[in-house]
Ligand code: ADP
Ligand code: ZN
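In this note's numbering, the protein residues as written are 1 to 727.
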């Protein structure tokens with residue numbers, strides 16, 4: 001190496017790129033460009049240009065390595081050091097390349113376009129001479145509404161950007177300057193809110209104190225449904241805002257309804273920024289920038305809001321902290337509640353976890369005095385939770401192919417007659433979970449997965465819930481050829497709806513299931529339910545998530561779905577939370593409510609606890625079971641899923657990985673075993689489960705073990721630290 005090959009005065013920027021890369025790449029900073037850590041830059045990578053973030057600046061040392069130049073710096077507030085640290089820590093925790101995590105933080109392409117082109121398009125006066133179907137679509141979108149950027153317009157019409165540009169040349173689209181973003185209003189901390197009752201006031205004062213201390217501290221806000229947890233954490237938010245900080249309120253995506261947003265708006269006198277998956281590109285950009293510049297003070301968002309470029313985050317509230325929806329399974333498998341806590345410890349600010357059915361993880365952290373706790377014991381203005389009664393299905397006579405017992409049917413009829421609203425809860429999508437041939441017993445299975453095809457009668461298809469494969473319902477059995485003998489087996493939400501239409505012909509019914517309504521449509525239906533325009537709701541777990549339905553007085557749980565023998569160690573806790581939450585939807589308005597639970601296991605401890613409203617006894621029992629088994633939260637888990645196109649090759653690879661596991665104190669490796677769903681999308685799946693004592697560093701064990709493991713060909717290895725999915 002010779003000292004004269006590179007000038008010493010140069011500065012290097014280590015730039016992290018949003019790709020599956022563990023480290024930042026070095027680039028030269030060209031003459032005339034000043035950069036600092038956190039800056040968003042464009043850099044060359046091979047033939048491409050990529051947007052990344054300067055992770056570190058350092059002086060150049062003489063080297064033979066030919067480094068390329070940074071192309072451009074974007075005129076934006078740099079990503080804070082805290083946010084960069086958060087990204088790094090999260091990557092470390094989940095054994096992900098940091099670049100993959102950065103990718104989640106940069107999912108707002110429009111932000112980087114704006115500097116270059118502040119031009120939008122709308123329908124112009126001309127008609128193009130040549131009107132292709134693609135052009136037609138663009139024009140349809142363009143005449144519908146606002147001016148849009150070329151890329152957004154192209155996206156919305158499902159065409160390439162070139163189609164838009166070409167249309168603009170013909171005069172069929174015209175260019176307009178994009179208006180500036182709507183500004184974020186400053187919250188007014190005394191704009192609204194109720195005067196708190198005694199319990200609420202005590203809880204709020206404690207939270208305010210914690211926030212005012214400006215230190216990292218996790219508080220569990222534990223209160224029965226309807227006790228006013230929202231009102232209480234609003235006070236914690238007000239305290240953080242008073243200190244000039246930004247506040248993030250995380251909700252499961254589905255709970256982000258217009259009514260909830262209106263509640264925040266009433267309390268703080270300004271519309272909060274929202275962040276969820278079906279925001280328009282321009283609004284995403286507005287929020288992203290507003291957060292980066294510290295102007296968006298309150299963000300109400302789904303889990304991915306954690307990755308917004310926070311300028312001065314001072315509090316995260318995680319509502320419904322027990323919700324499994326906080327766990328992302330695809331891509332980087334992270335748990336937003338846990339990462340909110342991690343962010344708080346990196347950023348040295350408090351985190352409030354709120355729930356009527358807290359997770360055992362959080363409860364154990366309270367037991368160990370790592371978390372503080374505040375409790376709300378009573379429902380506001382109504383001391384009792386809904387009365388829960390049990391319908392012993394082993395004693396009920398019920399016509400085959402129907403699911404509603406006489407007592408539940410009568411109760412629904414009465415509720416509707418009284419002008420109130422009822423909810424029937426069944427946690428199964430589709431019409432029937434299984435279709436079989438009555439002649440030969442053949443069951444319809446997905447050709448790509450080891451799973452039954454589920455009939456969706458409204459859509460007139462069979463669907464695989466694992467890979468999405470669809471096919472028409474066959475008239476004849478594909479096995480024995482008998483016609484007209486295929487029958488549905490078991491209940492699904494659509495089948496229940498059919499029964500409800502028969503039994504309650506006058507009812508105004510809404511069906512709430514993730515595959516029937518999503519996004520805006522779902523929000524609209526939820527609004528109809530809230531307004532009481534609908535008087536009979538038939539829903540899956542979608543309805544259990546934090547909604548406030550003021551007209552609802554009766555909840556009927558159709559099938560308790562006690563999958564307690566399943567491979568999921570949290571099955572009991574989950575079933576408990578789901579049932580308690582669903583029951584808790586009843587009687588939140590002016591009238592008291594009740595819940596009726598149909599069950600085939602009336603003596604099950606969970607059932608007993610539910611009747612008595614005795615959460616603690618049941619959860620304490622669960623805690624003991626988990627402790628004895630060394631399962632979370634008492635121990636730690638990581639799941640390894642090995643998959644591949646070739647069955648025997650996949651098995652061999654799984655065994656090879658298992659054999660390579662180092663011996664370590666306090667760690668057991670279970671498996672490999674075929675996954676409960678042994679094939680998905682034509683890929684064979686094997687699983688390994690790593691069980692570690694709580695104080696063992698499971699990440700370094702995994703790193704050590706898997707360093708040399710390199711899947712080849714179609715083989716893949718995915719690592720899930722703290723798994724919630726055991727299929
Ligand atoms: P939770 O979040 O615990 O389920 P909410 O905060 O949604 O409970 O409160 C339930 C209902 O009671 C809401 O309509 C809320 O506006 C109302 N409420 C709660 N506390 C008060 C209060 N102190 N004064 C008036 N209304 C209240
Ligand atoms: Zn499938």
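The beta carbon of each residue, even a glycine, is placed where N, CA and C say it ideally should be.
{"query": "Who are the Cβ neighbours of residue 502 in its own chain at under 8 angstroms, not counting the five residues just before and after it?", "result": "none"}
{"query": "Cβ of residue 451 within 7 angstroms of any heavy atom in ligand 2?", "result": "yes"}
{"query": "Is the closest heavy atom of ligand 1 to the C-beta of residue 200 under 7 angstroms?", "result": "yes"}
{"query": "Would you give the residue range spanned by the beta strand (DSSP E) that residue 560 belongs to?", "result": "No beta strand (DSSP E) holds residue 560; DSSP gives it neither H nor E."}
{"query": "Note down, in chain order, each residue of its chain lying with its Cβ closer than 7 angstroms to the Cβ of residue 683, except the 5 sequence neighbours on either side.", "result": "643, 644, 645"}
{"query": "Give the C-beta separation of residue 722 and residue 637 to the nearest angstrom, bearing in mind that I take them to be a contact with Cβ-Cβ under 8 angstroms.", "result": "7 angstroms"}
{"query": "Would you call the CB atoms of residue 286 and residue 182 closer than 8 angstroms?", "result": "yes"}
{"query": "Specify whether the segment 354–369 and the segment 215–229 touch according to this definition: at least 3 beta carbon pairs, one from each stretch, less than 8 angstroms apart.", "result": "yes"}
{"query": "Under the rule that 16 or more other beta-carbon atoms within 10 Å means buried, what is residue 729, buried or exposed?", "result": "The chain is shown only over 1 to 727; residue 729 falls outside these bounds and no answer can be derived."}
{"query": "Report yes if the CB atom of residue 631 is closer than 8 angstroms to the CB atom of residue 507, and no otherwise.", "result": "no"}
{"query": "State the Cα-Cα distance for the pair residue 131 and residue 168, rounded to the nearest angstrom.", "result": "13 angstroms"}
{"query": "Going by CA-CA distance only, name the one from 560, 531, 522, 559 that's closest to residue 543.", "result": "522"}
{"query": "Using the Cα positions of residue 460 and residue 703, report the straight-line distance between them to the nearest angstrom.", "result": "48 angstroms"}
{"query": "For the structure I just gave you, are there three or more beta carbon pairs, one from the segment 42–49 and one from the segment 57–77, closer than 8 angstroms?", "result": "yes"}
{"query": "In or out: residue 576 buried (at least 16 other Cβ within 10 Å) or exposed?", "result": "buried"}
{"query": "Would residue 653 and residue 602 be called neighbours here (beta carbons separated by less than 8 angstroms)?", "result": "no"}
{"query": "What's the C-alpha gap between residue 28 and residue 103?", "result": "23 angstroms"}
{"query": "Could you please give the first and the last residue of the uninterrupted alpha helix (DSSP H) stretch that includes residue 653?", "result": "647–659"}
{"query": "Should the segment 197–206 be called in touch with the segment 225–235, which here means at least 3 C-beta pairs below 8 angstroms?", "result": "yes"}
{"query": "Taking only heavy atoms of ligand 2 into account, decide whether any of them is closer than 7 angstroms to the Cβ of residue 456.", "result": "no"}
{"query": "Is it right to say residue 163 is buried, meaning 16 or more other beta carbons lie within 10 angstroms of its own, or is it exposed?", "result": "buried"}
{"query": "Where residue 319 and residue 408 are concerned, what is the direct C-alpha to C-alpha distance, given to the nearest angstrom?", "result": "32 angstroms"}
{"query": "Three-state secondary structure (DSSP) at residue 74?", "result": "coil"}
{"query": "Whole angstroms are fine: how far does the CA of residue 89 sit from the CA of residue 291?", "result": "21 angstroms"}
{"query": "In chain order, which continuous runs of the beta strand (DSSP E) of length 3 or greater are located wholly inside the segment 251–322?", "result": "273–275, 298–301, 313–319"}
{"query": "At a cut-off of 7 angstroms, is residue 365 close to ligand 1 when judged by its beta-carbon and the heavy atoms of the ligand?", "result": "no"}
{"query": "Would you please state the rounded distance, in angstroms, between the beta carbons of residue 436 and residue 487? I believe it to be under 8 angstroms.", "result": "6 angstroms"}
{"query": "One question on the structure: do residue 687 and residue 671 come within less than 8 angstroms of each other, judged by their Cβ atoms?", "result": "yes"}
{"query": "Grab me the residues of residue 12's own chain with a C-beta within less than 8 angstroms of its C-beta, minus the 5 sequence neighbours each way, in chain order.", "result": "26, 27, 28, 29, 57, 58, 59, 60, 67"}
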